[in-house]
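Visitor:
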Amino acid sequence: MTATSNVADNPYSALGLGLQSSSQSGSNALGQDAFLKLLTTQLQNQNPLKPVDNTEFLGQLAQISTVSGVEKLNDSFAELSSSLSSYQTLQAAQLVGHDVLVPSSAGYLPAGGTLDGAVAVGSSGQVLVDVLDASGSVIRTLDLGTQSQGVANFSWDGKNNAGETLDAGTYKLQARLVQGTSESALTTYATGAVQSVQLGASGLTLDLQGLGAFSLSDVLQIL
71 MTATSNVADN PYSALGLGLQ SSSQSGSNAL GQDAFLKLLT TQLQNQNPLK PVDNTEFLGQ
131 LAQISTVSGV EKLNDSFAEL SSSLSSYQTL QAAQLVGHDV LVPSSAGYLP AGGTLDGAVA
191 VGSSGQVLVD VLDASGSVIR TLDLGTQSQG VANFSWDGKN NAGETLDAGT YKLQARLVQG
251 TSESALTTYA TGAVQSVQLG ASGLTLDLQG LGAFSLSDVL QIL
């Protein structure tokens, strides 16, 4: 007498269940509880003529450990990420009151102080730094002389080309490399005092006096 069964060979289809792709996330991902329920239901409804193979069953049990391990690993990484963010914030907070060097096309002149910065020199030649006012007029040109490839520092005393002392504030910067009869623009950097540190969705940002907000990753040097 031939035994028959109304249970489909594929119990997942009969139950309306199926393993989700590993690329899925969120509510569509197969969690540990759902996986255990699926495996238990499969065993209860398996075809007696085609019981689950021992090797297949052991493989499914191994998947339980894998699912559990991945969930624990995700939790551990989340805790580690939170700890690193807190530690980085505390470290960055120590920068308040210090000067840092960042890429900027403007610099800040404090009252009675100097506007300091640097220029990235791509190849040897004469380096000139122009200081401009809010209207874009050149008020002072700093001649750094012949510089080799690397970083050339500069400091402006706050005086214009006529020797007059100007007010404190933010001034634009332009640098150029002169090689014979040709000129090329150079990247400028400015020194700014860190006034505060903020942690946002995009990471840590530093508020620099007169220059605005910069990412912590923008800092080239701490002075």
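Using my numbering, you'd call the opening residue of the sequence shown number 71 and step up by one each time. Note that beta-carbon positions come from the ideal geometry of N, C-alpha and C, so glycine has one too.
(1) What did DSSP end up calling residue 237 once you bin it into helix, strand or coil?
(2) In this structure, does DSSP put residue 227 in helix, strand or coil?
(3) Exposed or buried, residue 213, counting other C-beta atoms within 10 Å across all chains shown (16 or more means buried)?
(4) Alpha carbon to alpha carbon, how far is residue 262 from residue 285?
(5) Among 250, 274, 245, 267, which has the Cα closest to the Cα of residue 173?
(6) With 16 other CB atoms within 10 Å as the buried threshold, where does residue 293 fall?
(7) Given this structure, state the Cα-to-Cα distance separating residue 230 from residue 241, to the nearest angstrom.
(8) What would DSSP say about residue 161, mapped onto helix, strand or coil?
(9) Alpha carbon to alpha carbon, how far is residue 170 from residue 289?
(10) Would a check of beta-carbon distances place residue 270 closer than 7 Å to chain B?
(11) Residue 111 by DSSP, collapsed to three states: which one?
(12) Sort 260, 168, 239 by Cα distance to residue 222 and report the nearest one.
(13) Less than 7 Å between the beta carbons of residue 184 and residue 237, yes or no?
(14) Where do the ends of the beta strand (DSSP E) carrying residue 251 lie?
(15) Between which residues of its own chain and residue 268 is the CB-CB distance below 6 Å, once the five residues before and five after are set aside?
(16) Is it buried or exposed, residue 233, if we count other Cβ atoms within 10 angstroms and call 16 or more buried?
(17) Which word fits residue 189, buried or exposed, when buried means at least 16 other C-beta atoms lie within 10 angstroms of its C-beta?
(18) Which term fits residue 177, buried or exposed, when burial requires 16 or more other beta carbons within 10 angstroms of its beta carbon?
Guide: Quick look at the numbers:
(1) Sequence index remark: in the sequence shown, residue 237 carries index 167 (1-based). DSSP, read as helix, strand or coil, puts residue 237 in coil.
(2) Here residue 227 refers to the residue found at position 157 when the sequence shown is read from its first residue. Residue state, collapsed to three classes: coil.
(3) Position 143 of the sequence shown, counted from the first residue, corresponds to residue 213. The residue in question, residue 213, is exposed, as its Cβ has fewer than 16 Cβ neighbours within 10 Å.
(4) Here residue 262 refers to the residue found at position 192 of the sequence shown. Here residue 285 refers to the residue found at position 215 of the sequence shown. Using only the alpha carbons, I get a separation of about 13 Å.
(5) Taking the first residue of the sequence shown as position 1, residue 173 is located at position 103. Nearest C-alpha to residue 173: 245.
(6) The count along the sequence shown starts at 1 and reaches residue 293 at position 223. Classification of residue 293: exposed, given that the 10 Å Cβ count is below 16.
(7) Start at 1 with the first residue of the sequence shown, and residue 230 comes out as number 160. Start at 1 with the first residue of the sequence shown, and residue 241 comes out as number 171. In this structure, the straight-line span from the alpha carbon of residue 230 to that of residue 241 is close to 12 Å.
(8) Translated into positions along the sequence shown, residue 161 becomes position 91. Residue state, collapsed to three classes: helix.
(9) Translated into the one-based positions of the sequence shown, residue 170 becomes position 100. Translated into the one-based positions of the sequence shown, residue 289 becomes position 219. The alpha-carbon atoms of residue 170 and residue 289 are separated by roughly 6 Å.
(10) No chain B appears in the structure shown, which is made up of a single protein chain.
(11) Here residue 111 refers to the residue found at position 41 of the sequence shown. Helix at residue 111.
(12) Position 152 of the sequence shown, counted from the start, is the residue given in the question as residue 222. Of the listed residues, the one whose Cα sits closest to residue 222 is 260.
(13) Taking the sequence shown and counting its residues from 1, one reaches residue 184 at position 114. Taking the sequence shown and counting its residues from 1, one reaches residue 237 at position 167. It is not a contact, given that the beta carbons lie outside the stated cut-off.
(14) Stepping through the sequence shown from its first residue, residue 251 is reached at position 181. Neither: residue 251 is in no beta strand (DSSP E) and is coded neither H nor E.
(15) For the purposes of this step, residue 268 is identified with residue 198 of the sequence shown, where counting begins at 1. For residue 268, where only same-chain residues beyond five positions count, the Cβ hits under 6 Å are 275.
(16) Indexing the sequence shown from 1 puts residue 233 at position 163. Residue 233 should be labelled exposed.
(17) As a first step, residue 189 is located in the sequence shown; it is residue number 119 there, counting from the start. Answer is buried; the Cβ neighbour count reaches 16.
(18) In the sequence shown, residue 177 corresponds to position 107, counting from 1. It is buried - the Cβ of residue 177 has at least 16 other Cβ atoms within 10 Å.
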